[in-house]
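To start, the structure itself, in structure tokens.
In this note's numbering, the protein residues as written are 32 to 193.
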């Protein structure tokens, strides 16, 4: 199943984020225009792979490579609302992986900020342990919480989940 990772796909981020997008054509300026490339890309992936076989990973609270978005709530509200109209399989939303003290306008909890915008499947990751993931899963009854990142750097992590 194709999964477009807008989170760390630098060419896509360059177009989506205002601080790096200096375009003056239909892909620059407003958040609607900057979202256009992502929407067109996902539509094309759906054409190739089929309906409900494409997912998208977004990181509304992560600024990478010194690319900052002045209005992340506005941008991602629009983008998720528009993506929700397409026959995608799921949204994969990444929680902040670092303190947002210097970016107070970034959403502290992406599920709270954006989860209500869709009825599609949502995968959430970043900053969860077994207890916090299970607590949120019980509260929402519709999301999947990813704990995979903890397996990579710490070999004993799987034991801690038991």
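Glycine included, C-beta positions come from ideal geometry on N, C-alpha and C.
By DSSP, does residue i sit in helix, in strand, or in coil?
i, result
"residue 88", "strand"
"residue 64", "helix"
"residue 77", "helix"
"residue 57", "coil"
"residue 82", "coil"
"residue 71", "helix"
"residue 43", "helix"
Quiz prompt | Runs of alpha helix (DSSP H) wholly within the region 102 to 180 (minimum 4 residues, chain order) | solution = 103 to 115, 141 to 145 and 161 to 171
Quiz item: Is it true that the region 99 to 112 meets the region 158 to 172, where meeting means three or more beta-carbon pairs spaced less than 8 Å apart?
Solution: no
Exercise. Assess, as a yes-or-no matter, whether the region 114 to 121 is touched by the region 84 to 101 under the definition of 3 or more beta carbon pairs within less than 8 Å.
Key: yes
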